[in-house]
Amino acid sequence: MRVVVVGAGPAGLAAARAAARQGASTVLVDAEPSAGGQYHRGENVVVPQGVEHLANTTVWAVEGTRLHLRTGPADAPDRVARVLDCDALVLATGAHDRALPFPGWDLPGVVTAGAAQAMAKAHGVAVGRRVVVAGTGPFLLPVADALRKLGVDVVEVLEAGSPLAWAREPAGVFAGRGKLAEIARYRAVLPRYHTRSTVVAAHGENRVTAVTVAKLDRDWRVRPGTERRIEVDAVCTGFGFTPRLELAVAAGCLVDKGFVRVDDRQTTSVPNVYAAGEITGIGGADLARVEGEIAGTCAAGGTPSASLLKTAHRGRVFAAALDRVSSVRPGWRTWPDERTLVCRCEEVDLAALRTAVEEHAALGLRSLKLTCRVGLGLCQGRVCLRNAAELAGIPHDADRVSRRPIAAPLRLGELADTPLTPALEE
Amino acid sequence: MVSGLAHPDVVVVGAGIVGAACAEALTAAGLRVLVLDRGPLAAGTTAAGEGNVLVSDKEPGPELALARASRERWPRLLAELDADVEWEEKGGLVVATTPEAVEPLHRFAQAQREVGVDACTLTPAEARALEPHLTPEVTTAVHYVEDAQLNPVLAATTLLAAVRRRGGETRPFVEVSDVDGERKVTGVRTPQGTIPCHAVVNACGPWSGSLTAKAPLPIMPRRGIVLVTAPLPTVVRHKVYDADYVGAVASGDAALQTSGVVESTRAGTVLIGSSRQRVGFTERFEVPVLKALARKAITLFPALAGVPVMRAYGGFRPYAPDHLPVIGEDPRLPGLWHATGHEGAGIGLAAATGLLVADLLTGRTPHVDPEPFRVDRPEVMVA
């Protein structure tokens, strides 16, 4: 039997290893040149034995358990087409970090925490010399620490929420006690850690040169009079994560509250399709690995051990608590001003978004997009659509937003010549 | 009782382009209109098309008459409302790429010219002068200067904004579960309560067949898919389509029909159609359909082969068995009016359709002959 795993981060690697160990012919498909995903970026990750690794490969369409692939560097004119049928599919496509718009967020030098981390890990390159890290959730600390190790002056690390919220999550604290203890690793940056604070504006002409930071109330509205100006040459922001659901939605998997719904065997609503890692809930690399192992084992017809299932359960209790503690609060919608770009690709500012809502009563995402062009650009709304929906007061239906029959761009000529069935030797 | 307009003269069900155009014309006639939609405004079929206002694809007959009336009315209506809805008189270019296709296309254009359509037959060189990236395989082409385009969502929401300014009301997210009345319409039923009224306009597009079991219509969804490229410098200037498009539109075959239709938008993206499939309300796309669209587009514009496709989207056209719109009062339930069945031409036909509904409903002389669109024609009233 053949198991195909999409995504070579912690979840996908674990899934491929487990499936191969069960004796399945296993293919690991990943868009990056080397395995490991964002988490292991820059490390020399060894692909598990017996696993066929298709690097630089995007899955641009899914039809049931048939995948349509292109291999080669993005944009290269000579990418190779392949159609792959499988008996079971494991989706481990991960998540990207969420940026919230504020005045100046589109200035050069303002980057996502994930991008800063990727540059640091893969190339040892620092985004700046004097940096503020802002956002929410425990991910800010490793990013700040990675920058510090590169000699960056991490001026402040600003958490918009309040870790005091953990007081209401005793079960989560217990389940995640190991994870919470890891915070001690980042003690070097902890003295610069401030809670209920964030960057509310970035200033500069051609590049960020300063930021305004402020204290926030419980709902993340700025507490007037608390604004301070800090000179910086870069800002990293990360307000949680948005799962990459395109392939799961294309495969027909049920999405519930923004994540792929799975049972304790990582089974989705579609037979023979499994999901693991951040697309099933933001839980970090450790949980992703456990989920991946369960998914890979089950996909190859095996039975996961009781202790593995128990570990996953404990991880999910922690992840659910983490989600509640680090959730983005609605007050962020007061940060952007009328001229702040909501959609950078199509240069749609908040005023244009408001006109679409107020004058055109565009109260659905599709009508909103076509009225003011938000989310229609090259990123296809991956960065902005969730924010636009919240600003417009429209429910953000992750299932509909992620409905992309062409999950990754390909050239019209590639599409015209694409094979419809696997090659004979497959 | 729900708040707002408690006693409308007319309830329009469906806030797509056709419902919006009906509501606009009815409020312009002085009626109090309430527009309901089970979803957001202009978010169904209207949000899934290219915004075509075409005369080129219609043979002489009632639909062409409606299309020409609509083509004339659209710019006037937009001027009256002082609205920018990306209206563009870009013109259409119908292209033949085989020797066999030349004669039928010329015959088709000749018949259109006889009823007054501006259809200018071009040599291959003239066609390539209009569209420099057009395939060298072109054997002949016909240029239709009247073909135009608009942004359908902007157009529909603009018409609905005019309705609100005139005292009408638009209420999204209200689903009509049935039309009340035995011998004539007395109201519409919604989960929030019954709204009394004496006239209802069924503008539910592909879903209009089942608005009420008292007056079913044989309207079926005919799915279409559009590919969208990344923004480009202008490669395509007109709406350009293959001469086989007309045959695909007129076909009633349930199987997949594809035909190359290529045009740019103001944002620089190129839209690539068209496909027609009768597959119910299925949203899952098949790779063979996407592939066929790509092939046909490259046949017309080989230079597009290197362009990235950014997304694909689909929608459902309201399709009547005889391919003609259904416009008029339903004899089975007086007070129930239909404005549906426009298939892929709803944007173009909406302006004249709305006016026709208002003409008929208020007893004015209709501005186009309503007879061919009547509800009780045998092809529609099968039962």
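Protein chains in written order, with my numbering: chain A, 327 to 752; chain B, 630 to 1012.
Note that beta-carbon positions come from the ideal geometry of N, C-alpha and C, so glycine has one too.
Predicted, not measured: the structure shown is a model, and the values here were computed from it.
The Cβ of Phe914 of chain B sits closer than 8 Å to at least one Cβ of chain A. Excluding sequence positions up to five before and after Ala638 of chain A, its CB lies within less than 8 Å of the CB of Asp590, Leu613, Val616, Glu617, Ile620, all in the same chain and listed in chain order. In its chain, beyond the 5 residues on either side, Arg812, Lys813, Val814 have a beta carbon closer than 8 Å to the beta carbon of Pro963 of chain B. When DSSP states are grouped into helix, strand and coil, Pro597 of chain A belongs to the coil group. In this structure, the straight-line span from the alpha carbon of Pro1001 of chain B to that of His967 of chain B is close to 14 Å. In the three-state scheme derived from DSSP, where H, G and I count as helix and E and B as strand, Trp966 of chain B is classed as strand. Cβ contact annotation for Asn598 of chain A (same chain, cutoff 7 Å, sequence separation greater than five): Thr391, Asp413, Ala414, Leu415, in chain order. The beta carbon of Asn681 of chain B sits no closer than 8 Å to any beta carbon of chain A. Interface annotation, Gly668 of chain B: in contact with chain A, CB-CB separation under 8 Å. By the criterion of at least three beta-carbon pairs nearer than 8 Å, the region 972 to 980 of chain B is in contact with the region 691 to 708 of chain B.
Non-local C-beta neighbours of Thr887 of chain B in its own chain, meaning closer than 8 Å and more than five positions away in sequence, comprise Ala877, Ser903, Ser904, Arg905, Val918, Ala921, Leu922, Lys925, ordered along the chain. In terms of CA proximity to Leu473 of chain A, A:Arg455 leads the group A:Pro517, A:Leu484, A:Leu490, A:Arg455.
Leaving aside the five residues that flank Asp776 of chain B on each side, the residues in its chain whose CB is nearer than 6 Å to its CB run, in chain order, Leu683, Ser685, Gly720, Gly721, Lys868. Burial state of Glu688 of chain B is exposed, judged by a 10 Å Cβ sphere holding fewer than 16 other Cβ atoms. Thr697 of chain A is positioned such that its CB atom lies no closer than 8 Å to that of Gln348 of chain A. When beta bridges are read from the DSSP output, Leu900 of chain B appears opposite B:Val857, B:Glu892.
Sequence-distant Cβ neighbours of Gly335 of chain A in its own chain, meaning closer than 6 Å and more than five residues away, are Gly363, Tyr365, Gly420. Among the CB atoms of chain B, none fall inside 8 Å of the CB of Glu572 of chain A.
Across the set B:Arg993, B:Ala758, B:Thr764, B:Thr752, the C-alpha of B:Thr764 shows the shortest separation from the C-alpha of Gly889 of chain B. Distance between Ala733 of chain A and Val664 of chain B, taken at the CA atoms: about 36 Å.
The beta carbon of Leu476 of chain A sits closer than 7 Å to the beta carbons of Ala446, Gly450, Ala452 from its chain, once the five residues preceding and following it are set aside; these are given in chain order. Taking C-beta separations shorter than 8 Å and ignoring five residues to either side along the sequence, the partners of Phe914 of chain B in its chain run Ile854, Ala941, Gly943, following chain order. Considered as a whole, the region 455 to 503 of chain A harbours 456 to 462, 479 to 485 as its complete beta strand (DSSP E) runs of no fewer than 3 residues, in chain order.
DSSP places Lys541 of chain A in the strand class (E or B) of the three-state scheme. Counting the other Cβ atoms within 10 Å of the Cβ of Asp401 of chain A gives fewer than 16, which makes it exposed.
According to the DSSP assignment, Arg712 of chain A belongs to the alpha helix (DSSP H) that extends over 711 to 718.
When rounded, the separation of the alpha-carbon atoms in Thr660 of chain A and Pro427 of chain A is 10 Å.
Counting the other Cβ atoms within 10 Å of the Cβ of Gln443 of chain A gives 16 or more, which makes it buried. The C-beta of Ala832 of chain B has 16 or more other C-beta atoms within 10 Å across all chains shown, which makes the residue buried. Contact check for Leu689 of chain A and Ala714 of chain A: beta-carbon distance about 12 Å, past the 8 Å limit, so the pair fails to qualify. Close partners of Thr799 of chain B in chain A (Cβ separation under 9 Å): Ala687. Partner residues in the beta bridge of Asn831 of chain B, as assigned by DSSP, are B:Val642, B:His967. For Val481 of chain A, the CB contacts under 8 Å within the same chain, skipping 5 residues up- and downstream, are Arg456, Val457, Val458, Arg518, Ile556, Val558 in chain order. In the three-state DSSP reduction, Pro947 of chain B falls in the strand class (E or B). Taking the Cα positions, Leu789 of chain B is about 26 Å away from Val668 of chain A.
When only Cα atoms are considered, Thr819 of chain B and Gly643 of chain B end up about 13 Å apart.
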